[in-house]
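Undergrad: So the sequences go chain by chain: F and Z.
Residue numbers for the first sequence follow our numbering, beginning at 204 and rising by one.
Residue numbers for the second sequence follow our numbering, beginning at 6 and rising by one.
Below is one structure. I have some questions about it.
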Amino acid sequence: MTGSPSAAASEAPLDVQVLQTAAALENLAVASYTSAASMPFVVAGSAGLRALIERNKAHHTAHAQAFNQAVVKAGGAQQHAADARYAASVRQRLAAMQDPSSLTGLLNEIEGIVAQTCTRYASLAAGGSLRSLFVNVASVEAQHSAELLIVRTLLEGGHREPGVSAADARAMPAAAGTAGIPQAVYPTAGASAINEGVVR
Amino acid sequence: MSGQSRRAFAAGVTGLCVGLALDACSSPAPPSPYTGDLRTVALAAAIENQAVSAYQAVDAALRAGKLGPAVPALTAFIRGAMAHHVQHAATWNAILRTAHKPTISGTPLSDNAQVMSTISGASDVAAVVSAVRRLETQAAQTYTAAIENLKGLGSAVTAAATIAPVEAMHAAALGYVFSGQSAVADFLGTGGAVSTKALTA
Numbered sequence: 204m205t206g207s208p209s210a211a212a213s214e215a216p217l218d219v220q221v222l223q224t225a226a227a228l229e230n231l232a233v234a235s236y237t238s239a240a241s242m243p244f245v246v247a248g249s250a251g252l253r254a255l256i257e258r259n260k261a262h263h264t265a266h267a268q269a270f271n272q273a274v275v276k277a278g279g280a281q282q283h284a285a286d287a288r289y290a291a292s293v294r295q296r297l298a299a300m301q302d303p304s305s306l307t308g309l310l311n312e313i314e315g316i317v318a319q320t321c322t323r324y325a326s327l328a329a330g331g332s333l334r335s336l337f338v339n340v341a342s343v344e345a346q347h348s349a350e351l352l353i354v355r356t357l358l359e360g361g362h363r364e365p366g367v368s369a370a371d372a373r374a375m376p377a378a379a380g381t382a383g384i385p386q387a388v389y390p391t392a393g394a395s396a397i398n399e400g401v402v403r
Numbered sequence: 006m007s008g009q010s011r012r013a014f015a016a017g018v019t020g021l022c023v024g025l026a027l028d029a030c031s032s033p034a035p036p037s038p039y040t041g042d043l044r045t046v047a048l049a050a051a052i053e054n055q056a057v058s059a060y061q062a063v064d065a066a067l068r069a070g071k072l073g074p075a076v077p078a079l080t081a082f083i084r085g086a087m088a089h090h091v092q093h094a095a096t097w098n099a100i101l102r103t104a105h106k107p108t109i110s111g112t113p114l115s116d117n118a119q120v121m122s123t124i125s126g127a128s129d130v131a132a133v134v135s136a137v138r139r140l141e142t143q144a145a146q147t148y149t150a151a152i153e154n155l156k157g158l159g160s161a162v163t164a165a166a167t168i169a170p171v172e173a174m175h176a177a178a179l180g181y182v183f184s185g186q187s188a189v190a191d192f193l194g195t196g197g198a199v200s201t202k203a204l205t206a
């Protein structure tokens, strides 16, 4: 990921800034999953990956709505644009995407940015309900990451998707067991600056 | 001492012992050393210890062949997840230690016997995965709910925020790899959060 946040500091209250930035990142995720869903290798590929992409897109749409509802309550304007720091570079990378493994890698990067940002903001937000909303959403994005990491590991190892039977579980490689749980403490180093996605 | 005197003495001692025992039984439990935010922290440490115990039991069952042939991905998952929970317990206990409160070394939770019984009674992979997945979801939801009510303990807020997503990932990975079905919902929710009333310490 490239680019840097705008240097212009917003005068908006902290809660408004973090909610608008969170909404901007969710909008970025919705746009990315929308593009991913229409890629030829996705349309013609695994039904499991298609379902994951559609489901995650719906989740990010719901999260953007939740943040925009909260920002109105906090006295701010809704943010309907995609995060400007990442939008152009993500668009370029999506346009060049040729295979499911690379795609799941990029989608996982986006999930990580949103989840780390929400995790960081949970410690910054003033109100308890807002803190809880951020952890709630961060946890779901982290779950998206877990599944994307597993899918990518299986794709790169030439393994088939997980199945429902005990024999299917036994056939999973050991790497699938750890791929989705890479860290003991969720990081925040990749969190966006609080004013990165403010409405200007 | 005559035989009669001995009997009277013995009866008196017995009565005293019974009296003491009854008194001990009817005495109220000592007050918990954990109040306010620190009660939530102690609950979290107990939840983490319970997860470690649960995974140890599953690991033992796998090694003993109680769950059928080997499941390499589950063995690898358990190793990774158990290490995470050990670290999480240490994080919560460090907060207690800083506050000069006793650390939680066991699993003082009202549902612990039932949880461990469910795991020890399981005879297949699906049953144990379901049991530990429930624990992971409960942990993530507990921290998501707790962060709303933590008053002034910044270290606890940070711990809840950075540990909840990890437990959520554990739950998602278990569901996806071992049942072939994703059960990730649009919001994590807090309906399964464990109350501080479940803490017996």
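Glycine is no exception: its CB is placed at the ideal position from the N, C-alpha and C atoms.
#1: Evaluate Glu214/F with the Cβ neighbour count: other Cβ atoms within 10 Å of its Cβ, from every protein chain shown; 16 or more gives buried, anything less gives exposed.
#2: Expressed to the nearest angstrom, what Euclidean distance is found between the alpha-carbon atoms of Asp28/Z and Leu48/Z?
#3: Could you pull the start and end residues of the alpha helix (DSSP H) that Ala132/Z belongs to?
#4: Find the nearest neighbour of Ala173/Z within the set Ile316/F, Val401/F, Gln346/F, judged by alpha-carbon distance.
#5: With 9 Å set as the bound, which would you pick, yes or no: does the beta-carbon of Pro390/F sit closer than that to a beta-carbon of chain Z?
#6: Quick one: complete alpha helix (DSSP H) runs, 4+ long, within the region 148 to 205 of chain Z?
#7: Along the region 310 to 333 of chain F, where does the CB come closer than 7 Å to a CB of chain Z? Name the residues.
#8: If you measure beta-carbon to beta-carbon, which residues of the region 181 to 197 of chain Z are closer than 8 Å to chain F?
#9: Take the Cβ of Arg403/F as the centre, count every other Cβ of all protein chains shown within 10 Å, and call the residue buried at 16 or more, exposed below.
#10: Spell out whether any CB of chain Z is found under 9 Å from the CB atom of Asn230/F.
#11: Which residues of the region 257 to 268 of chain F have a Cβ closer than 8 Å to any Cβ of chain Z? Give them in chain order.
#12: Which value, in whole angstroms, describes the spacing of the CA atoms of Gly380/F and Ala81/Z?
#13: Which one of Arg44/Z, Ala127/Z, Thr205/Z has the shortest CA to CA distance from Tyr148/Z?
#14: According to the Cβ coordinates, are Lys202/Z and Gly41/Z closer than 9 Å?
#15: Would His175/Z be called buried (16 or more neighbouring beta carbons within 10 Å of its own) or exposed?
#16: Taking 9 Å as the threshold (C-beta atoms), are Thr322/F and Gly338/F in contact?
#17: Please name the residues in the region 237 to 258 of chain F whose beta-carbon is closer than 9 Å to at least one beta-carbon of chain Z, in chain order.
#18: Please report the residue range of the alpha helix (DSSP H) in which Lys276/F lies.
#19: By the DSSP assignment, the alpha helix (DSSP H) with Ser115/Z in it spans what residues?
#20: Strictly under 9 Å for the Cβ-Cβ distance: is Asp371/F near chain Z by that measure?
#21: Using three-state DSSP, classify Pro3/Z as helix, strand or coil.
#22: Given 8 Å as the limit, is there contact between the region 304 to 320 of chain F and the region 160 to 167 of chain Z, that is, 3 or more CB pairs closer than that?
#23: Report, in whole angstroms, the separation of the C-beta atoms of Ser353/F and His89/Z, which I expect to be a contact under 8 Å.
#24: Looking at C-beta atoms only, is the number of pairs between the region 288 to 302 of chain F and the region 250 to 269 of chain F that lie closer than 8 Å three or more?
#25: Quick one: which chain Z residues come within Cβ less than 8 Å of Ile384/F?
#26: Shortest alpha-carbon distance to Glu257/F belongs to which of Val189/Z, Thr103/Z, Asn117/Z, Gln146/Z?
#27: Of the residues that make up the region 275 to 301 of chain F, which ones have a beta carbon closer than 9 Å to any beta carbon in chain Z?
#28: Measuring alpha carbon to alpha carbon, tell me which of His262/F, Ala377/F, Ile397/F, Val221/F ends up nearest Arg84/Z.
#29: Using a 10 Å radius around the Cβ and a threshold of 16 neighbouring Cβ atoms, would you call Pro365/F buried or exposed?
#30: Go ahead and pull the three-state DSSP assignment for Thr205/F.
#31: Quick check on Ala392/F: does DSSP put it in helix, strand or coil?
#32: Can you list, in chain order, the residues of its chain with a C-beta nearer than 7 Å to that of Gly1/Z? Leave out the 5 residues immediately preceding and following it.
#33: Got a sec? Which residues, its chain only, sit under 8 Å from Gly330/F by beta carbon, not counting five neighbours each side?
#34: Is the number of C-beta pairs between the region 115 to 124 of chain Z and the region 68 to 80 of chain Z that are closer than 8 Å three or more?
#35: Is the Cβ-Cβ distance between Ala250/F and Val182/Z less than 9 Å?
#36: Ile100/Z CB to nearest chain F CB: under 9 Å?
TA: Let's see:
#1: Glu214/F counts as exposed, since fewer than 16 other C-beta atoms from the protein chains shown sit within 10 angstroms of its C-beta.
#2: Bear in mind that the predicted position of Asp28/Z carries a pLDDT of just 48, short of 50, making it too unreliable to give a figure here.
#3: Per DSSP, Ala132/Z belongs to the alpha helix (DSSP H) from 130 to 154.
#4: A check of alpha carbon separations from Ala173/Z across Ile316/F, Val401/F, Gln346/F identifies Gln346/F as the nearest.
#5: Cβ-Cβ to chain Z under 9 Å: yes for Pro390/F.
#6: Secondary structure in the region 148 to 205 of chain Z: the alpha helix (DSSP H) runs of 4 residues or longer, each lying completely within the stretch, are 159 to 184 in chain order.
#7: Residues of the region 310 to 333 of chain F whose Cβ lies closer than 7 Å to any Cβ of chain Z, in chain order: Ala318, Thr322, Ala325, Ser326, Gly331, Ser332.
#8: Answer set for the region 181 to 197 of chain Z: Tyr181, Val182, Phe183, Ser184, Gly185, Gln186, Ser187, Val189, Ala190, Asp191, Phe192, Leu193, Gly194, Thr195.
#9: Answer is exposed; the Cβ neighbour count stays below 16.
#10: Judged by the 9 Å Cβ criterion, Asn230/F is not in contact with chain Z.
#11: Under the 8 Å Cβ criterion, the region 257 to 268 of chain F contributes Arg258, Ala261, His262, Ala265, His266.
#12: Those two C-alpha atoms are separated by around 6 Å.
#13: Per the C-alpha coordinates, the member of Arg44/Z, Ala127/Z, Thr205/Z positioned closest to Tyr148/Z is Arg44/Z.
#14: Not a contact, by the Cβ cut-off of 9 Å.
#15: It is buried - the Cβ of His175/Z has at least 16 other Cβ atoms within 10 Å.
#16: For the record, residue 338/F in the displayed sequence is Val; it is not Gly. A contact, by the Cβ cut-off of 9 Å.
#17: For chain Z, the residues of the region 237 to 258 of chain F that bring a beta carbon within less than 9 Å of one of its beta carbons are Gly251, Ala254, Leu255, Arg258, in chain order.
#18: Taken as a continuous stretch (DSSP letters only), the alpha helix (DSSP H) holding Lys276/F covers 250 to 276.
#19: Taken as a continuous stretch (DSSP letters only), Ser115/Z belongs to no alpha helix (DSSP H), as it is neither H nor E.
#20: Contact of Asp371/F with chain Z is assigned, a C-beta pair being separated by under 9 Å.
#21: The structure shown does not extend to residue 3/Z, since chain Z is modelled only from 6 through 206, so no value can be given for it.
#22: Below 8 Å, too few C-beta pairs join the region 304 to 320 of chain F and the region 160 to 167 of chain Z to call them touching: fewer than three.
#23: Rather than Ser, the amino acid found at residue 353/F in this sequence is Ile. Contact doesn't hold; Cβ gap of about 16 Å is too wide.
#24: Flag = no, the region 288 to 302 of chain F and the region 250 to 269 of chain F do not touch.
#25: Within chain Z, the residues near Ile384/F are Phe82, Gly85, Ala86, His89, Val171, Met174, His175, Ala178.
#26: Check the Cα spacing between Glu257/F and each of Val189/Z, Thr103/Z, Asn117/Z, Gln146/Z: the tightest is with Val189/Z.
#27: Residues: none.
#28: The option with the nearest alpha carbon to Arg84/Z is Ala377/F.
#29: Classification of Pro365/F: buried, given that the 10 Å Cβ count is 16 or more.
#30: Model confidence at Thr205/F stands at a pLDDT of 43, short of 50, so the residue's coordinates are unreliable and nothing is read from them.
#31: The answer is coil: DSSP assigns Ala392/F none of H, G, I, E or B.
#32: Nothing can be reported for residue 1/Z, as the shown portion of chain Z is limited to 6 through 206.
#33: So the list reads Asp218, once near-sequence residues are dropped.
#34: No, the region 115 to 124 of chain Z is not in contact with the region 68 to 80 of chain Z.
#35: Contact annotation: Ala250/F and Val182/Z have beta-carbon atoms that are not nearer than 9 Å.
#36: No, Ile100/Z does not count as interfacial toward chain F.
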